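Accompanying notes for the structure given below.
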Amino acid sequence: MSEQKIVDYEYKPGFKGMAHDTGSDQTMFKGVHWGKAMMWIFLLSDTFVFSCFLISYMKGRASTPVEWPNPSEVFALDAFGVPVPLLLIALMTFVLITSSGTMALAVKYGYEKNKKMCGWLVLATALGGLIFVGMQAYEWSKLIHEGVRPWENPFGAAQFGSFFFMITGFHGTHVSIGVIFLFIYAYKVFAGHYENGGKRGWFTTMRGDYVEIEILGLYWHFVDLVWVFIFAFFYLW
Amino acid sequence: MEETKKKEQQGSTHKIGIYLWIWGLLFVLSFFSYMVDWYQFQGMLRWSLILFFMFLKAGLIMAFFMHLFWERYALVNVLLWPMTAIACFIVLMAAEGQYTLFSRLFYFFVGGGQ
Amino acid sequence: MHAGIIFLLVIVGSILFHIFTPWYWTDIASNWQGMDDTITLTFWVGGGVFVAVCLFMIYCVFKFSYKEGRTVEYKPEDKKLERILTWATTLGVAALLAPGLIIWNQYVNVPKNALEVDVMAWQWGWQYRLPGEDGKLGTTKVININDDNPFGINPNDPFGQDDVIIQSDVLNMETDRPIKILLRSVDVLHNWYVPQFRAKMDAVPGVVTFYWFEPNKVGEYEVLCAEYCGVGHYAMRGSVIVQSKQDYNSWLNEQETFSELVAKQNKLKIEENKIAKKINLNLN
Amino acid sequence: MSDEIENKSGYQTQSSETMNEYSGAAVGDVDYVRPAEIPEQDLYHGHTFLTKWVFCQDAKVIGVQYFLTAVFTGIVGLILSWLMRLQLGFPELAGFMTAEHYYQFVTMHGMIMVVYFLTALFLGGFGNYLIPLMVGARDMVFPYVNMLSFWMFFVAVAVLMASFFVPGGPTGSGWTLYPPQAILDGTPGSGAGILLMLISLSLFVIGFTMGGLNYLITVLQARTRGMTLMRMPLTVWGIFTATVLAMLAFPALLVSSIMMTLDKVLGTSFFMPTILKAGEVLEYGGGSPILFQHLFWFFGHPEVYIVALPAFGIVSDLISVHARKNIFGYRMMVWAIVGIGALSFFVWAHHMYVSGMNPWFGFFFASTTLIIAVPTAMKVYNWILTLWRGNIRINTVMLWCLGFIVTFVNGGITGIFLGNVSVDVPLSDTYFVVAHFHMVMGIAPLMVIMGAVYHWFPLVAGRMLHEGLGKWHFWITFLGAYSIYFPMHYLGFIGVPRRYFEMYDSPYMTSGVGLNEFISLAAFIVGAAQFILIYNIIKTLKTGKPAGKNPWKANSLEWHTSTVPPEHGNFGERLPVVHRWAYDYSVPGAKEDFMPQTTPPSEVTNTEVEKT
Ligand code: HEA
Ligand code: HEA
Ligand code: CUA
Ligand SMILES: [Cu+2]
């Protein structure tokens, strides 16, 4: 659907185009698939969720008179006997960016209807996500081992643990859901659900289309995007 | 004209080069923000660097990986304007956090004497 | 027809109710006359708009109720009229906002000579603390609270030692002297509210909040808790006695200071110890 | 599943090339409308009882499901309000009621009425039923998700109702759920009750998000040909904007629910400072109760407009149809709705003037709050200017609209009192606030709901509700409700605080005894009057006068469906093509006093219709 040309519609660039699109009939986002529009709006809503989490964290951290633990020490990891600050976090960041890259390429090949490449790249993304979740599990267990709990921690302000587990947990849940869907969609690509006019999904009357990979991609990139903020505000502050 | 036309074309594929470029940039920027911590920059410098790299990365992901750069302005605006509410919330909560901290320090630690 | 008449009666009734109501605010006993004045102003402006809008509506009901074949105006927009109305409303709103903000500015800027009073709230009661001779209140912490130190005053804060503590829900005040109420709670939200003073603010656990007023009428007033704080909320009362300077001072002199309390408690403890020792000796 | 996806013949064969033939106009013609840019939607037609009525994917059925569930919760809320009024007016008759009970009733009443009754009714009920019909779509764009949305809501209601039966009872923390009190003993239902409340709210948010995405994308991306945004009926605008608000405001509620759940269950201290209870220091420390209030009102204020904006939209349509006149200043109305919606994200802390937040915020929030009065005022003016020189049918529907205007302006003006920081100081947390929000939220939108029920019942059920009964229903409700809440303001002036279980022992509160008895009596009568409507509905369903097509002679698309009531797919073989806005009533020179949105320009040559 998304590649459909709109008959008799004059595209205009920039803000003029926006006014023109808004004033036109039928669709406001010209040529944007329903599912994709939905994902965008959902992500906007989800942005507000994460913003509220991060704002609460900022407010909580700014108003505590107790020392806030220094993340670069708390999250240091011993590499060959030397504590390297934020090593694991850095690795996680790189893994997530890698998976974001593979996802972007998967979307590209999806549009080229390149079933093989698309499928493998989606699978690679899923693996990246899985590794990320695994590393996060490791990080959590390490901190729990060191005595960090949602309600207390040995390094300083109790809210540190609370916000840490809550925010990374919420993000991790997003990643995990994403991984599950990535596996499902990898299967769907390989099984050819998007070829020959598309197969109907099991929960919808709509026919499959490679645009679904783009929609999934949006979600995945969003998960990466959130991590950018968590990385900056939680680990670097 | 060519430029805009290209931008308007929905869902068309882009050259692989652009993705690789962005991908690379993301790695580099992440590395830089990691270096901010590594070298333990402090104060304003640290903050401006962190925020700079953060927004750059976020922008790149949104613009290219999420194709926002190629979307029509109607969508872009619908997505970005609500952020002003969040911005307002952030600013006010930062002020509120400061105020709470002040109140706690003053009445529970420092006292009327200082 | 009937409809219009009934609506008209509703509006007339509302106005009459407002004029003749036996239920209106209590006599003000503080400096916040400005708040009452702003309310009155808002009543005039807002009430005026309410009546005008409703009367116009009722007029339309009378004048334009359905008649087959009536010619109806077809005019989707009237830019000029809309612009006039927008600006008029904006002006009206600004006229209401300005005095409100001015008074708020007074409300948040406490006069320098205000007497600080520490109001401590708990489920479900109040107690008060006044600064001693040094004119300063000592710092407090919830974790310091125990039987010997009911206010949680930091024991090593020199300013706290001479603080006057009032373990009762009755607080005395001197007339015509600004009071800065410092609110603190040990458990949940409360709100120290005396309707006659008009002013109020929540007591929030974990921080100290404040507001100020200047009582200007001698008398006894009831304190209400105006922020929901659990089942005892409605019963969480206290009172304030506003008195002249002499009465106030003589009351003040009878109150105990923190160090006196500590001394008394210690004495009690020593006594208890002695008794205990005696008992022990006797037993031996 | 035994049901299959059915493609009605004709739907599928339409390609964008052939489609334009339906409008019978060629490029350059006055009637020309671009060919369809969105393909026909496949609809899932249920054949079994389960898929047709229970897990139905038809937005109209989902709308009715939402409506009925919401009305059920509304009746629960109504009964709770009776119990509260019994205690307040006639405490000697309410001996069975303890303070615990009272606070549980207040809390559940507030939460049910705001979230589970009004929000669900307007967005879930009216939104589902009307959006696809009014924008000319066959259904919502994601019918399956839409179905899930209702069932999620249903589970949320079930969880909420379950909290009445758990040990300790439902939460009694006030609908604002302020911590620390909400999760500590001393507040009724601070165990299972509050947890179920938080879970129920989270489910509601998730369910609503599913529905909300549907409403938004349907409005944005699935309008019929010729239906531009500026031709949509204001009902759609109101519901659409309210949905946008909901999508952006509910996250704050979700986040605060999650954080409070963690505080309760895991013992984190997001909102919990050091607390001394019964002589012992609890294991909390360092949190900030005010943070919760900010999050709550960042949700809560948009929430009150979520229930107001659909009412604004719907009432505009009702007034226009029954005054036989175009809505005055349509463009201004749209901008006002959008403006109010946008501004509502910048005023939240006007609920916190006396909360102990940073005192300087007062200036900012008082200004933004009063600015909202300007677009709202424009809406009020435009409603009454629509009546001006109209041809007003004083029927039941119009009466509800007039009642709405009176109560809304009254409640809005008292909002201006409260918005003006220093005026709020004496009035905050008193019955003045209670009177304000019942007038503006409890009564005004309710009037619109009632008007909407009388207006659209013929469409949904094919029969006209009885006018005589309707008028009785209106007058008792309007006069009764007005006499509940108008005098209630004066209790607030006296200084009676809200959420008081008993208020008879202070001198200035004693003076309110008689008033409270009067208010309670009025409340019982008003509540009872609602059963007139229920009786009317049941009777009409059996023996009512058949409505026929378009009984009100309205223009908007929902009255121009293939059948009445509309079938699944709404418009039969062909989707309508829209040529004008929904308000061409009494156009000079036209044959009739209305002109459906589908009327092509070529048919109305001898009139002076404005170009819209
Ligand atoms: C539908 C719901 C709804 C609506 C529309 C409104 C509308 C408004 N509300 Fe209200 N409000 C609530 C629901 C609503 N409110 C609820 C539920 C609470 C209590 C929550 C709780 O604590 O439990 C509350 C509480 C509340 C408070 C907090 C009080 C307190 O706790 O101390 C405040 C303070 O600013 C406020 C202000 C306003 C204002 C300024 C408007 C404005 O939008 C009103 C604008 C309308 C008009 C002004 C009328 C029309 C205008 C004219 C005819 C033009 C002429 C007017 C002038 C020149 C002034 N409201
Ligand atoms: C939309 C919201 C709404 C509605 C409709 C109502 C309706 C009523 N409310 Fe309430 N109320 C609140 C929202 C609402 N309320 C809130 C948010 C609070 C604050 C809670 C808190 O402090 O935590 C509150 C608190 C509150 C108090 C204050 C308690 C206190 O502070 O101690 C009182 C006291 O009198 C009260 C009374 C009533 C009465 C008598 C009615 C009604 O009887 C008035 C008449 C009602 C109707 C006419 C509606 C019935 C309609 C139906 C059942 C649907 C039928 C429809 C069809 C069949 C189509 N309410
Ligand atoms: Cu203390 Cu209410
Ligand atoms: Cu509000």
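Chains as they are written, first to last, in the numbering used here: chain D, 108 to 344; chain Y, 8 to 121; chain U, 24 to 307; chain F, 83 to 694. For every residue, glycine included, the Cβ atom is placed at its ideal position computed from N, Cα and C. Small disclaimer: the values here were computed from a predicted structure and weren't measured.
At which residues does the alpha helix (DSSP H) containing Y211 (chain F) begin and terminate?
On the fourth sequence, position 129 is the one that residue 211 (chain F) refers to. Run containing Y211 (chain F): N210 to V217, per the alpha helix (DSSP H) assignment.
Which residues in the same chain as F519 (chain F) place their Cβ atom closer than 8 Å to its Cβ, once the five residues preceding and following it in sequence are excluded?
Locating residue 519 (chain F) in the fourth sequence gives position 437, counting from the first residue. Within the same chain, F519 (chain F) has close Cβ partners V386 and G493.
By Cβ distance below 6 Å, which residues in the same chain neighbour I721 (chain F) in space, the five residues on each side in sequence not counted?
Any question about residue 721 (chain F) goes unanswered here, given that chain F covers just 83 to 694.
Within 9 Å of any Cβ in chain F, is that where the Cβ of A126 (chain D) sits?
Counted from its first residue, the first sequence places residue 126 (chain D) at position 19. A126 (chain D) does not count as touching chain F.
Shorter than 8 Å, the distance from the beta carbon of W257 (chain F) to the closest heavy atom of ligand 5, or not?
What this structure holds is ligand 1, ligand 2, ligand 3 and ligand 4, not ligand 5.
In angstroms with no decimal places, state the Cα-to-Cα distance between V254 (chain U) and T450 (chain F).
Start at 1 with the first residue of the third sequence, and residue 254 (chain U) comes out as number 231. Start at 1 with the first residue of the fourth sequence, and residue 450 (chain F) comes out as number 368. Looking at the two C-alpha atoms, the distance is approximately 35 Å.
Sorted by chain position, which residues of the same chain lie with C-beta nearer than 7 Å to L32 (chain Y)'s C-beta, five sequence neighbours on each side aside?
The residue given as residue 32 (chain Y) occupies position 25 in the second sequence. Only L67 meet the Cβ criterion.
Can you give, in chain order, each stretch of the alpha helix (DSSP H) that sits fully within the region 51 to 111 of chain Y and has at least 4 residues?
80 to 87 and 90 to 111
Taking just the CA atoms, how far does Y89 (chain U) sit from G289 (chain F)?
By 1-based counting over the fourth sequence, the position of residue 289 (chain F) is 207. By 1-based counting over the third sequence, the position of residue 89 (chain U) is 66. Distance between the alpha carbons of G289 (chain F) and Y89 (chain U) is about 44 Å.
Let me know the alpha helix (DSSP H) ranges lying completely inside the region 503 to 569 of chain F, each 4 residues or longer, listed in chain order.
503 to 509, 513 to 519 and 526 to 543
Residues bridged to L275 (chain U) by DSSP?
Taking the third sequence and counting its residues from 1, one reaches residue 275 (chain U) at position 252. The partner list for L275 (chain U) (beta bridge, DSSP) is empty, contrary to what the question assumes.
According to DSSP, simplified to helix, strand and coil, what is D153 (chain D)?
In the first sequence, residue 153 (chain D) corresponds to position 46, counting from 1. Residue state, collapsed to three classes: helix.
Less than 7 Å between C-beta atoms, sequence neighbours within five positions excluded: which residues of the same chain meet that for N303 (chain U)?
Translated into positions along the third sequence, residue 303 (chain U) becomes position 280. Cβ within range, chain order: n/a, list empty.
Express the C-alpha separation of D141 (chain U) and P178 (chain U) in angstroms, rounding to a whole number.
For the purposes of this step, residue 178 (chain U) is identified with residue 155 of the third sequence, where counting begins at 1. For the purposes of this step, residue 141 (chain U) is identified with residue 118 of the third sequence, where counting begins at 1. Spanning the two alpha carbons is a distance of roughly 17 Å.
Looking at the secondary structure, which residues open and close the alpha helix (DSSP H) in which M342 (chain F) lies?
Position 260 of the fourth sequence, counted from the start, is the residue given in the question as residue 342 (chain F). L316 to V347 is the span of the alpha helix (DSSP H), which, as asked, contains M342 (chain F).
What number of angstroms, rounded off, separates the C-alpha of R116 (chain F) from the C-alpha of H661 (chain F)?
In the fourth sequence, counting from the first residue as 1, residue 116 (chain F) sits at position 34. In the fourth sequence, counting from the first residue as 1, residue 661 (chain F) sits at position 579. Roughly 12 Å between the two C-alpha positions.
C-alpha gap between Y216 (chain D) and A169 (chain D), whole angstroms
For the purposes of this step, residue 216 (chain D) is identified with residue 109 of the first sequence, where counting begins at 1. For the purposes of this step, residue 169 (chain D) is identified with residue 62 of the first sequence, where counting begins at 1. Answer to the nearest angstrom: the Cα atoms are 46 Å apart.
My understanding is that R413 (chain F) touches G472 (chain F), with C-beta atoms under 8 Å, so please give their C-beta distance in whole angstroms.
Here residue 413 (chain F) refers to the residue found at position 331 of the fourth sequence. Here residue 472 (chain F) refers to the residue found at position 390 of the fourth sequence. Not really, about 19 Å apart at Cβ, beyond 8 Å.
Output needed for G299 (chain D): all residues of its chain with C-beta closer than 8 Å, excluding positions within five of it in sequence on either side, in chain order.
Your numbering for residue 299 (chain D) matches position 192 in the first sequence. Same-chain partners within the cutoff: K222 and K306.
Over what stretch of residues does the beta strand (DSSP E) that includes R167 (chain F) continue unbroken?
Translated into positions along the fourth sequence, residue 167 (chain F) becomes position 85. Unbroken run through R167 (chain F) is the alpha helix (DSSP H), A141 to G171; no beta strand (DSSP E).
Within 10 angstroms of the Cβ of E103 (chain F), are there 16 or more other Cβ atoms? Answer buried if so, exposed if not.
Counting from one through the fourth sequence, the residue named residue 103 (chain F) turns up at place 21. Here E103 (chain F) scores only 48 on pLDDT, less than 50, and its place in the model should not be relied on; the value that follows carries that caveat. It counts as exposed.
Does the separation of the CB atoms of M199 (chain D) and T232 (chain D) fall below 9 Å?
For this step, residue 199 (chain D) is matched to residue 92 along the first sequence. For this step, residue 232 (chain D) is matched to residue 125 along the first sequence. Not a contact, by the Cβ cut-off of 9 Å.
Alpha carbon of L280 (chain F) to alpha carbon of I293 (chain U), nearest angstrom
Position 198 of the fourth sequence, counting from 1, holds the residue named residue 280 (chain F). Position 270 of the third sequence, counting from 1, holds the residue named residue 293 (chain U). Answer to the nearest angstrom: the Cα atoms are 52 Å apart.
C308 (chain U) by DSSP, collapsed to three states: which one?
This structure cannot settle anything about residue 308 (chain U), because the visible part of chain U is limited to 24 through 307.
Within the 9 Å Cβ cut-off, does W258 (chain D) reach chain F?
As a working note, residue 258 (chain D) is residue 151 in the first sequence. W258 (chain D) counts as touching chain F.
Look at the alpha carbon of F427 (chain F) and the alpha carbon of F380 (chain F), and state the distance between them as a whole number of angstroms.
If you number the fourth sequence from 1, residue 427 (chain F) lands on position 345. If you number the fourth sequence from 1, residue 380 (chain F) lands on position 298. Each residue's alpha carbon lies about 7 Å from the other.
Roughly how many whole angstroms lie between the Cα atoms of I331 (chain F) and D316 (chain D)?
Within the fourth sequence, numbered from 1, the residue matching residue 331 (chain F) stands at position 249. Within the first sequence, numbered from 1, the residue matching residue 316 (chain D) stands at position 209. It should be noted that the sequence gives Ala, not Ile, for residue 331 (chain F). A331 (chain F) and D316 (chain D): Cα-Cα distance of roughly 32 Å.
Could you tell me whether the Cβ atoms of D210 (chain U) and L266 (chain F) are closer together than 9 Å?
By 1-based counting over the third sequence, the position of residue 210 (chain U) is 187. By 1-based counting over the fourth sequence, the position of residue 266 (chain F) is 184. Yes, these two residues count as a Cβ contact at 9 Å.
Hey, how far is the Cα of V285 (chain U) from the Cα of N167 (chain U)?
Along the third sequence, one-based indexing puts residue 285 (chain U) at 262. Along the third sequence, one-based indexing puts residue 167 (chain U) at 144. Each residue's alpha carbon lies about 13 Å from the other.
Are the beta-carbon atoms of Q186 (chain F) and C252 (chain U) separated by less than 9 Å?
In the fourth sequence, residue 186 (chain F) corresponds to position 104, counting from 1. In the third sequence, residue 252 (chain U) corresponds to position 229, counting from 1. Not a contact, by the Cβ cut-off of 9 Å.
Does the Cβ of N408 (chain F) have 16 or more other Cβ atoms within 10 Å, making it buried, or fewer, making it exposed?
On the fourth sequence, position 326 is the one that residue 408 (chain F) refers to. By the 10 Å Cβ count, N408 (chain F) comes out buried.
I'd like to confirm something about H383 (chain F): is its beta-carbon nearer than 8 Å to some heavy atom of ligand 4, or not?
For this step, residue 383 (chain F) is matched to residue 301 along the fourth sequence. Yes, ligand 4 has a heavy atom inside 8 Å of this Cβ.
Expressed to the nearest angstrom, what Euclidean distance is found between the alpha-carbon atoms of G256 (chain F) and P176 (chain D)?
In the fourth sequence, the residue the question calls residue 256 (chain F) occupies position 174. In the first sequence, the residue the question calls residue 176 (chain D) occupies position 69. Approximately 36 Å between the Cα atoms of the pair.
Check whether the Cβ of L170 (chain F) lies closer than 8 Å to any heavy atom of ligand 1, and answer yes or no.
As a first step, residue 170 (chain F) must be located in the fourth sequence, where it is residue number 88. Result no, Cβ not under 8 Å from ligand 1.
Backbone CA spacing between L32 (chain U) and A144 (chain U) [nearest angstrom]
Taking the third sequence and counting its residues from 1, the one referred to as residue 32 (chain U) is at position 9. Taking the third sequence and counting its residues from 1, the one referred to as residue 144 (chain U) is at position 121. If you take the alpha carbons of L32 (chain U) and A144 (chain U), they lie about 47 Å apart.
Within the region 585 to 611 of chain F, note down every full beta strand (DSSP E) run reaching 3 residues or more, in order along the chain.
none
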